[in-house]
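Shown next, in structure tokens, is the structure this report addresses.
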Amino acid sequence: MAIDMSKPLVSAPPGYHVDLAHPQRQGQVLNYWVASVGMVLATIFMGIRAYTKIVLVKKWSSDDWCIFGAWVLSIACTLGIVYGYVHGTLGVHVWELSGNNTNFSSHMNTAVTVMYSPMLGLAKMSLLILYLKLSPVRLFRLAVYVAMFINFGATIGIMFPLIFACNPVKRNFDIRIKEGSCIDRAALFIATAVLNMVIDIILLFLPVPMVINLQMSGPKKISLLAIFGVGSITVITSGVRLVLLLPMLKNPDRSWAITYPGIWSLIESSLVVITGAMPTMRQFLRHIAPGVLGESTTSDRSRETGYFAHRNTELQTISKKSTRRQYGRMDGDDDDSSLGVNDGGSEMHIVPPSGKMDSVSNSPYYATYELMRCTLRVKLELLTYGGLKKS
């Protein structure tokens, strides 16, 4: 018996007046706002990262490709959800959807669901690749590689079952096909949310031992941990989405119940890009607004005059170059020629790269430099004190 696709496929509850032309709606305006703000912010942050890496650092790495891919998929997922509201297939009771609209909704939901998993996977892979650039410690790098394997396996292990959930495959998104069978797709949706939460927690705690062992003050360690914590803030959105997803999957009126889980999906798809661009924000701000980070500008430094100011500047320059030799760069450009080179303030120094700190601190030239630097500083202080005493 042929299905009449011009009529609803599900009967309305007793006493409900069905109006296909003007169905009851929910969440339309809220979804438009969340989607618009999210896309704009994600695009701005992605643009900042691209500008920083291409123009300032002049190095586009594999982690940049990953976050760029996540941004493309984020925009695609967001537009797919928005189009569902524009077309009138989301936020509407299933008994006020014609068969054709229900089938269209099935196509769009399948497409968004399939793209969602690799979007999250690419964003997390970008952060993990960044972790590899932070420390030469063998155990830490091994832990990062294990996390990469888990992330890759989870992404592939969810994406392909979502594509091939039914046999024949076309039944996965075409409700008119009744032949064949499908696996429990609700379990896949739950697995997606749970695995993303687990990986986010791994990303959150992975750099903690490394940061704790750094030779820096407590407040700086807390600040650094906060930077890494921002990258895993999506664990909150994944948790909220999971809580809202469970009752939705049990609801036969899913086109109506999807409203609020969909909103949190929009939030998460934007946040993964925004947090993925965070590591380059300091570099970008140092370039356009050094005062924001408490760094002096060229005009400020030019006000310093006199012999002592000149000598102090020289000492600071030498000291900064020495410090730069001891710390790695987050842009991944860790070759010898780049150490200690001023590239317009685009570096972000975090931890010692492999072999660099030992080779510098153990060098006899480094020891000689330290002795000369201390001697000059003492002489300057004595001269300054003597001048003040005479005056």
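Here the sequence shown is numbered in full-length UniProt numbering, starting from 1 and rising by one per residue.
From the three backbone atoms N, C-alpha and C, an ideal C-beta is built for every residue, glycine too.
Since the structure is predicted, the reported quantities are computational estimates derived from the model, not experimental observations.
Is residue i helix, strand or coil by DSSP?
i: Arg176; result: coil
i: Gly15; result: coil
i: Val92; result: strand
i: Ser61; result: coil
i: Asn31; result: helix
i: Asn167; result: strand
i: Ile3; result: coil
i: Ser135; result: coil
i: Pro252; result: coil
i: Ser217; result: coil
Just how far apart, CA to CA, sit residue i and residue j?
i: Glu96; j: Leu139; result: 57 Å
i: Gly80; j: Asn151; result: 25 Å
i: Ala147; j: Gly157; result: 15 Å
i: Val137; j: Val194; result: 30 Å
i: Thr384; j: Val40; result: For Thr384, the predicted model reports a pLDDT of 47, less than 50, meaning its position is unreliable and no value from the coordinates is stated.
i: Gly291; j: Val112; result: 42 Å
i: Val29; j: Ile183; result: 34 Å
i: Ile233; j: Asp200; result: 8 Å
i: Ser269; j: Leu214; result: 33 Å
i: Val208; j: Ile236; result: 19 Å
i: Asp253; j: Leu130; result: 43 Å
i: Ser98; j: Ile75; result: 28 Å
i: Lys124; j: Ala154; result: 11 Å
i: residue 400; j: Asn172; result: A query on residue 400 cannot be resolved here, the shown segment of the chain reaching from 1 to 391 and no further.
i: Ile267; j: Gly38; result: 7 Å
i: Leu224; j: His87; result: 45 Å
i: His93; j: Ala70; result: 32 Å
i: Ile222; j: Thr89; result: 46 Å
i: Val273; j: Asp4; result: 43 Å
i: Asn103; j: Asp174; result: 6 Å
i: Ser106; j: Ala143; result: 40 Å
i: Ser62; j: Leu128; result: 11 Å
i: Gly27; j: Asn109; result: 17 Å
i: Leu244; j: Ala186; result: 13 Å
Where do the N-terminal and C-terminal ends of the alpha helix (DSSP H) with residue i fall, by residue?
i: Ser102; result: Here residue 102 turns out to be Thr, not Ser, going by the sequence shown. Note, Thr102: alpha helix (DSSP H), Gly99 to Leu132.
i: Arg25; result: Element bounds for Arg25: n/a, residue is neither H nor E.
i: Thr280; result: Segment: none, Thr280 is in no alpha helix (DSSP H) and carries neither H nor E.
i: Met248; result: Thr234 to Leu249
i: Pro209; result: Val208 to Ile212
i: Val198; result: Arg185 to Phe205
Using the beta-carbon count (16 or more within 10 Å), is residue i buried or exposed?
i: Pro168; result: exposed
i: Ala12; result: exposed
i: Met216; result: exposed
i: Tyr16; result: exposed
i: Gln283; result: buried
i: Arg325; result: Note on Arg325: pLDDT 40, under 50, position unreliable in the model; no value is reported.
i: Lys170; result: exposed
i: Gly262; result: buried
i: Phe160; result: exposed
i: Leu206; result: buried
i: Pro279; result: buried
i: Val18; result: exposed
i: Asp64; result: buried
i: Ile54; result: exposed
i: Pro14; result: exposed
i: Ser31; result: According to the sequence displayed, residue 31 carries Asn and not Ser. Answer is buried; the Cβ neighbour count reaches 16.
i: Phe164; result: exposed
i: Phe149; result: exposed
Kindly indicate if chain E contains any beta-carbon less than 8 Å away from that of residue i.
i: Ile67; result: The question asks about chain E, but that chain is absent: this structure has only one protein chain.
For the ligand FMN, is there a heavy atom less than 7 Å away from the beta-carbon of residue i?
i: Tyr131; result: Ligands displayed in this structure: none; no statement on the ligand FMN is therefore possible.
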